[in-house]
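A.B. asks: I have a structure I would like to understand better, so I am pasting it below and will then ask my questions one at a time.
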Amino acid sequence: MLSTTSEQINNLNQLNEELENYFSNTIIPQIFVDAKLILRKFTPPAMKQFNLKADFIGKPLEEIKENFRFPTIIDNIKTVIATGKILEKEIQTTDMRWFQMNVLPYLIRKENITNGVIITFVDINSRIRDLNEQEKMLAEHELLLDTIAHDIKNPLLALSLSVQMMKNLPARSLE
Numbered sequence: 001m002l003s004t005t006s007e008q009i010n011n012l013n014q015l016n017e018e019l020e021n022y023f024s025n026t027i028i029p030q031i032f033v034d035a036k037l038i039l040r041k042f043t044p045p046a047m048k049q050f051n052l053k054a055d056f057i058g059k060p061l062e063e064i065k066e067n068f069r070f071p072t073i074i075d076n077i078k079t080v081i082a083t084g085k086i087l088e089k090e091i092q093t094t095d096m097r098w099f100q101m102n103v104l105p106y107l108i109r110k111e112n113i114t115n116g117v118i119i120t121f122v123d124i125n126s127r128i129r130d131l132n133e134q135e136k137m138l139a140e141h142e143l144l145l146d147t148i149a150h151d152i153k154n155p156l157l158a159l160s161l162s163v164q165m166m167k168n169l170p171a172r173s174l175e
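With UniProt numbering applied, the sequence shown corresponds to residues 1 to 175, in that order.
Quick look at the structure:
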C-alpha cells in the first residue's frame, strides 16, 4: 500500500511539474480564477502585462481588478461560471493595448461542474491599428469623392444653364 501511495505522490508531483513548466513557458497571458473568484495562477506574460505579483495568488480578484482596466471582468467571470459558456470580448489594458479576452469555463468533467475560469488574452493591437487605418482611408476617400463631385457639379451646372439659354433664344435665319 505504501508503494501505491508513494507512487501516486510521485505521479502527482510529475504532473504538477509538467503543469508548472507549461505555465512558465507559455507566451500568451493567461489567468486562472476559481469559482470563488480567487486568483489561482497566471502565466509570466500575464504577470508582465497586468502588473501581477506572485503574492496575488490566493487573493480575491476583487482586490486586484484595477490591474485589468476592464470594469465588468468580475461580472463576466461570474456569467461564464454560471452558464458554462465561453465569453469573448475586446478589452483595453491600462497601458492602452488591445486584447481579445476569452473567458473559458474550467470544467471538472467527472462532476460536470464549472469550478472557475481560464482567461486568455490575445494581443490584437495590430488588428485595431489596421482597422483604424482603414477607417481613416475610407474617410479620406469619401472626402475625395465629395470634392470631385463638387468640382464636377459646378462646371456641369454652368454648361447646363448655357444649353438651356441657347434653347430659349429665338432661331435666327441664315439670310
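Where is the CB? At the ideal position from N, CA and C, for every residue including glycine.
Note that this is a predicted model, so its numbers are computed, not measured.
#1: Quick one: what does DSSP say phenylalanine 42 is sitting in, helix, strand or coil?
#2: If phenylalanine 56 sits next to leucine 37, beta carbons under 8 Å apart, how far is it from one beta carbon to the other, in whole angstroms?
#3: Among Thr5, Gln49, Glu62 and Leu131, which has the Cα closest to the Cα of valine 33?
#4: Need the endpoints of the beta strand (DSSP E) that asparagine 102 sits in, please.
#5: Tell me where the beta strand (DSSP E) around lysine 89 begins and ends.
#6: Go through its chain and collect everything with a Cβ distance to isoleucine 74's Cβ below 8 Å, but skip five positions before and after it.
#7: Helix or strand or just coil, what does DSSP make of isoleucine 74?
#8: Locate the alpha helix (DSSP H) running through threonine 114, then write down its first and last residues.
#9: Between the segment 116-123 and the segment 138-152, do three or more beta carbon pairs fall short of 8 Å?
#10: Could you compute how far the alpha carbon of threonine 4 sits from the alpha carbon of asparagine 13?
#11: For threonine 72 and isoleucine 28, what's the separation of their Cα atoms in angstroms?
#12: Where DSSP assigns a beta bridge to isoleucine 31, which residues make up the other side?
#13: Would glutamine 134 and threonine 93 be called neighbours here (beta carbons separated by less than 9 Å)?
C.D. replies: So, from the listed chains and residues:
#1: Mapped onto the sequence shown, residue 42 falls at position 42. Phenylalanine 42: strand per DSSP, three-state reduction.
#2: Start at 1 with the first residue of the sequence shown, and residue 56 comes out as number 56. Start at 1 with the first residue of the sequence shown, and residue 37 comes out as number 37. Phenylalanine 56 to leucine 37, Cβ: 13 Å. No contact.
#3: Your numbering for residue 33 matches position 33 in the sequence shown. Of Thr5, Gln49, Glu62 and Leu131, the residue nearest in Cα terms is Glu62.
#4: As a working note, residue 102 is residue 102 in the sequence shown. Taken as a continuous stretch (DSSP letters only), the beta strand (DSSP E) holding asparagine 102 covers 98-108.
#5: In the sequence shown, residue 89 corresponds to position 89, counting from 1. Residues 87-92.
#6: Along the sequence shown, one-based indexing puts residue 74 at 74. For isoleucine 74, where only same-chain residues beyond five positions count, the Cβ hits under 8 Å are Leu37, Leu61, Glu62 and Lys65.
#7: Reading the sequence shown from its first residue, position 74 is the one you call residue 74. If DSSP states are grouped into helix, strand and coil, isoleucine 74 belongs with the helices.
#8: Residue numbering aside, residue 114 sits at position 114 when the sequence shown is read from its first letter. No alpha helix (DSSP H) holds threonine 114; the beta strand (DSSP E) holding it covers 113-123.
#9: no
#10: Counted from its first residue, the sequence shown places residue 4 at position 4. Counted from its first residue, the sequence shown places residue 13 at position 13. Each residue's Cα considered, the two are about 14 Å apart.
#11: In the sequence shown, the residue the question calls residue 72 occupies position 72. In the sequence shown, the residue the question calls residue 28 occupies position 28. Rounded to whole angstroms, threonine 72 to isoleucine 28 spans 22 Å at the Cα level.
#12: Reading the sequence shown from its first residue, position 31 is the one you call residue 31. According to DSSP, which records beta bridges pairwise, isoleucine 31 is partnered with Phe42 and Ile119.
#13: By one-based count along the sequence shown, residue 134 stands at place 134. By one-based count along the sequence shown, residue 93 stands at place 93. For glutamine 134 and threonine 93, no; Cβs fall outside 9 Å.
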